[in-house]
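Q:
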Amino acid sequence: MAGEGERYQEFEPPPSLRGFVRKIWTYADLNPAPAVQRIAPDGCPELILDIGSPYEELDDDGVWGLQPSAIFAGQMTKPLALRPAGPTELVAVRFEPDGARDWLGFSVDRATDRRLDMTDRLAGLTAPAGDPEGQVAAFVAWLETQKAKQGWSLDPVVRAAVEASTDDRPSPDRPPSEQRALQRRFADRVGVSPRMLRSIFRFRRVFDHAAHPGQAADGWLEAGLEAGYFDQPQMARDFRRFLGCTATEWAREQQALAKAIASETYKPAGFHPA
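Every letter in the sequence shown is one number past the one before it in the working numbering, and letter 53, counting from 1, is 591.
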C-alpha cells in the first residue's frame, strides 16, 4: 500500500482513446526515500509528465543523470534504475504495446530502452498539482486533440499478434516471408520483436506474483510454471535479465514508485473524464 504522503491511482481511458491507451496513472510522494528503484519491463510504452521533481536515471556507464520533465519511455528489454531527486508528482499515459506509433510520429523501435525528451511536445499541456482527476482530464483532452490532428490508426496484423502474446495464445504458422514482414511491422509499431514481447508478458505474469513481499519461493515457482516457465532456473534468468536481481531481492528491496506500479493492490479508479 502507498505510505503516508504517497499515492498511486490508475484510471481507465475514455472510449475515444481505447485501443491506443491502456491506462492513465498518477503518482505522488511528498517525502520519497532516497533509494534506488528497479523498474521492470511491462510491454507498454509510456508518456510521462513530471509535475514535481524529475527522477534521476542510471545510464549504462553507471552515471546518474536527471530526466527531462516530460519523457516518452519506449519499450524496455532490461532493468531501469531510478531514484527521486525531491518531492515527486507525475501523470503518465500507458499506451497499448502498439498504440503509441502514430502519436510518436516515427518508428517506436527508435525509443526502445530509451527515455526521449518530450518537453517541447508537451509544452501546451498543463496538469494541476495535487489533483489526480484534473491531471487525467487534462491529459485526456490533450490526447484527444492529438488523435484528431494526427488521425491515429492501428495495424490489424500487428494488433492480432499483440493480443495473441497478451493472452499467451500460440502464433499461427507463417511462411518465412510473412514472418519477416511481421517482424518489421512489429519493430515499427511495438518496438520489440513478437518473441521479446511474449517473454516480457510471461515475466510480468510471475513478476506480479513476486511483487508482494512475503511470497514464498515455492509460490513464485508455482506462479512461474503457470506463467509458462519450464523451471526455476529459467525464471531466475529472466529476473536477472529484466530486473537485475532475484525475486527475493526485489520483493525485499522494492520502493515507492517501483512498488506502486508493480502491485496488484492498486485497482483502476474507474474515472472517465467527460
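Glycine residues also receive a C-beta, built at the ideal position from the N, C-alpha and C atoms.
#1: What does a CB cutoff of less than 6 Å around Leu-585 pick up in its chain, not counting 5 residues either side in sequence?
#2: Where does Phe-644 sit, in a helix, a strand or coil, going by DSSP?
#3: Pull up the distance between the alpha-carbon of Ala-679 and that of Arg-697, whole angstroms please.
#4: My output table needs one value for Lys-561: the three-state DSSP class, helix, strand or coil.
#5: If the criterion is Cβ atoms closer than 8 Å, does the pair Ala-765 and Arg-743 meet it?
#6: What is the rounded straight-line gap between the Cα of Phe-724 and the Cα of Trp-690?
#7: Taking the beta carbon of Gln-613 as the centre, do at least 16 other beta carbons fall within 10 Å, making it buried, or is it exposed?
#8: Classify Asp-597 as buried or exposed, calling it buried when 16 or more other Cβ atoms lie within 10 Å of its own Cβ.
#9: List the whole-angstrom C-beta distance separating Pro-635 from Leu-781, where the pair is believed to meet the contact cut-off of C-beta under 8 Å.
#10: With distance defined between alpha-carbon atoms, name the residue in Pro-606, Pro-694, Pro-732 and Ala-675 nearest to Gly-590.
#11: Counting Cβ pairs closer than 8 Å, one from the region 550-560 and one from the region 709-726, do we hit at least three?
#12: Between Met-734 and Thr-615, what straight-line distance do the alpha-carbon atoms span, to the nearest angstrom?
#13: To the nearest angstrom, how far is the alpha carbon of Thr-683 from that of Leu-660?
#14: What's the call for Phe-777, buried or exposed, on a 16-neighbour Cβ count within 10 Å?
#15: Please confirm whether Ala-566 and Glu-544 have their CB atoms less than 8 Å apart.
#16: Among Ala-675, Arg-652, Leu-654 and Arg-653, which has the Cα closest to the Cα of Leu-663?
A: Considering the structure as presented:
#1: As a first step, residue 585 must be located in the sequence shown, where it is residue number 47. Answer for Leu-585: Phe-610 and Val-631, listed in chain order.
#2: What you label residue 644 is simply residue 106 of the sequence shown in a count that begins at 1. Residue state, collapsed to three classes: coil.
#3: Locating residue 679 in the sequence shown gives position 141, counting from the first residue. Locating residue 697 in the sequence shown gives position 159, counting from the first residue. Going by the C-alpha atoms only, they are around 25 Å apart.
#4: Along the sequence shown, read from residue 1 onward, the residue named residue 561 stands at position 23. DSSP places Lys-561 in strand when its eight states are reduced to three.
#5: Working through the sequence shown from its first residue, we reach residue 765 at position 227. Working through the sequence shown from its first residue, we reach residue 743 at position 205. In contact: Ala-765 and Arg-743 (Cβ atoms closer than 8 Å).
#6: By one-based count along the sequence shown, residue 724 stands at place 186. By one-based count along the sequence shown, residue 690 stands at place 152. The alpha-carbon atoms of Phe-724 and Trp-690 are separated by roughly 17 Å.
#7: As a first step, residue 613 must be located in the sequence shown, where it is residue number 75. Per the 10 Å Cβ criterion, buried.
#8: By one-based count along the sequence shown, residue 597 stands at place 59. Looking at its Cβ environment, which holds fewer than 16 other Cβ atoms inside 10 Å, Asp-597 is exposed.
#9: Numbered from its first residue, the sequence shown carries residue 635 at position 97. Numbered from its first residue, the sequence shown carries residue 781 at position 243. Approximately 19 Å separates the beta-carbon atoms of Pro-635 and Leu-781; this is outside 8 Å, ruling out the contact.
#10: Position 52 of the sequence shown, counted from the start, is the residue given in the question as residue 590. In terms of CA proximity to Gly-590, Pro-606 leads the group Pro-606, Pro-694, Pro-732 and Ala-675.
#11: Because the criterion of three Cβ pairs below 8 Å is not met, the region 550-560 and the region 709-726 do not touch.
#12: Position 196 of the sequence shown, counted from the start, is the residue given in the question as residue 734. Position 77 of the sequence shown, counted from the start, is the residue given in the question as residue 615. Looking at the backbone, the Cα of Met-734 and that of Thr-615 are separated by about 8 Å.
#13: Within the sequence shown, residue 683 is the residue found at index 145, counting from 1. Within the sequence shown, residue 660 is the residue found at index 122, counting from 1. Approximately 12 Å between the Cα atoms of the pair.
#14: Residue mapping note: residue 777 aligns to position 239 of the sequence shown, counting from 1. Buried, since its Cβ has 16 or more Cβ neighbours within 10 Å.
#15: As a first step, residue 566 is located in the sequence shown; it is residue number 28 there, counting from the start. As a first step, residue 544 is located in the sequence shown; it is residue number 6 there, counting from the start. In this structure, the beta-carbon distance from Ala-566 to Glu-544 falls below 8 Å.
#16: Taking the first residue of the sequence shown as 1, we reach residue 663 at position 125. Looking only at Ala-675, Arg-652, Leu-654 and Arg-653, the smallest Cα-Cα distance to Leu-663 is reached by Ala-675.
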